[in-house]
Amino acid sequence: MKTKMTAIFAILMGLLMLVGVSYAMWEKTITITGTVNTGKVDVQFCKVQVSSDEKKYVSSWGAVVTDPEHITVTIDNAYPCIWYTIDADINNVGTIPVIIQSITVTSLPSYAEYYLTGAKVGDEIEQPGSAIGPDTVHFDIEIHLLNSPMTPMDASFTFTVTIQCVQYNEFIHP
Amino acid sequence: MNPKIGKIIALFTALMIALLFTGVGYAMWQKTVTITTTVNTGELDWEIESGSVTIKDPKDPPTIDSTCDVGMTNIRLLDKNVGYGTYKLKDNDGDGDYDELEITLGNVYPCYYNHIDFWLHNDGSIPLIIEKVIIEGQEYWSTPGVLNLDLSGDGNPDIELRWGDSFGTQLHYCESVDISFDVHVLQAAPQGKTLTFTISIVAVQYNEYHLPP
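From first to last, the protein sequence lines are chains V and S. So in the numbering used here, spot 134 of the first sequence is number 134, and the numbers just go up one at a time. So in the numbering used here, spot 34 of the second sequence is number 1034, and the numbers just go up one at a time.
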């Protein structure tokens, strides 16, 4: 029994020696450490104002920047033929240039009309500090209630204007 | 005389004589020839050549960014300078040569592409062979093609990496080889994050190189 154990031990030692020899092969490793710091696409509204051409100050209006990417505008006691204007800037606060990919208006009733001036699809907004161009685009949205029998009195409606900005190299020409 | 003492004296005398003979044997003339052997081992060493690193889109000078399609095809220039690449060489083992290339791609975004090129130089005294490349812990013994790497751990690949073919290249003393790789940022890359990857290039002494398993 003792002889057997000794033999196994000797064989194991011999094998380990062989393994040791193969691990002792010389090698040298060169290392490449890569760090990828991704940028950020981010835009927000600023300098938001609402105004009107109304002279009698019957209506009232106001705008609240709910969060940097959302403006809530409320117009009370509105009536036909008066123009209400929302004007604001879209600021690029990210690190990547963006382009306006789309501007969509939803839930606008047929008795109201709007005109958007300033910002348009394809406008480029550079990142802050860029020497190429401005990091801001200004826009006006004018809202007008039609002088039509369809325009209801004492009613309320909500509509949404969505401006989608994409990183400059992902812009798809419409 | 006591006969017992006489016996002891006789035995002692016999022992002395025996020792004398032995002494003569040891005093035999001899001459030794000595071989002194010195083994100076060589050095297996290679380095990243200082000044050999080139980045297609470096930070300085400001350069227009590039992009490509998935699979590293259709590589082309964009029209803005937004992202960039920088590098730093390091000597981690303090042997006086550079053994680590630290690449940083800054302010990059989906579809951004960059190409990094450098030379490896045998500055040891033993020929070496490039055996394998270990990319993010995975060994490659031949060109792996375009690899998708999930560096953020969200299950989606963040970059594509293409490694140039240099496997099995033998470098004698003072010989160099051009190595390059491409990085392409994919759509799933998270915004405003730092993602890292590691590539190790293993060279072995020329006579210990074995064909890939």
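By construction, the Cβ of each residue, glycine as well, lies at the ideal position given by its N, Cα and C atoms.
{"Check": "CB contact below 8 Å: residue 1063 of chain S versus chain V", "Outcome": "no"}
{"Check": "Short Cβ contact (8 Å threshold) for residue 1158 of chain S with residue 1105 of chain S", "Outcome": "no"}
{"Check": "Contact set for residue 147 of chain V: own chain, Cβ-Cβ below 7 Å, skip 5 residues either direction", "Outcome": "80, 81"}
{"Check": "Ordered list of beta strand (DSSP E) runs contained in the stretch 1066-1138 of chain S, each at least 3 residues", "Outcome": "1066-1069, 1073-1077, 1084-1090, 1100-1108, 1112-1122, 1128-1135"}
{"Check": "Classification of residue 83 of chain V by the beta-carbon crowding that lies within 10 angstroms, buried from 16 upward", "Outcome": "exposed"}
{"Check": "Per-residue DSSP class, three states only, for residue 37 of chain V", "Outcome": "strand"}
{"Check": "Within chain V, partners of residue 1068 of chain S - CB distance below 8 Å", "Outcome": "Here the premise fails: no neighbours, minimum Cβ distance about 11 Å."}
{"Check": "For residue 82 of chain V, three-class secondary structure by DSSP", "Outcome": "coil"}
{"Check": "Bounding residues of the beta strand (DSSP E) (the contiguous stretch that carries residue 1203 of chain S)", "Outcome": "1194-1205"}
{"Check": "Sufficient close CB pairs (3 or more, under 8 Å) joining the stretch 100-110 of chain V to the stretch 48-58 of chain V", "Outcome": "no"}
{"Check": "Residue 1179 of chain S: CB within 7 Å of a non-hydrogen atom of the ligand SAM", "Outcome": "Looking at this structure, you won't find the ligand SAM or any other ligand, since it has none at all."}
{"Check": "Neighbour-count burial assignment, residue 120 of chain V, 16 or more Cβ in a 10 Å radius", "Outcome": "exposed"}
{"Check": "Run of the beta strand (DSSP E) containing residue 1031 of chain S, from where it starts to where it stops", "Outcome": "Counting along the chain, residue 1031 of chain S falls outside any beta strand (DSSP E), and DSSP gives it neither H nor E."}
{"Check": "Alpha-carbon to alpha-carbon, residue 1199 of chain S and residue 118 of chain V", "Outcome": "49 Å"}
{"Check": "DSSP state of residue 1003 of chain S mapped onto helix, strand, coil", "Outcome": "helix"}
{"Check": "Where residue 1011 of chain S falls: helix, strand or coil (DSSP)", "Outcome": "helix"}
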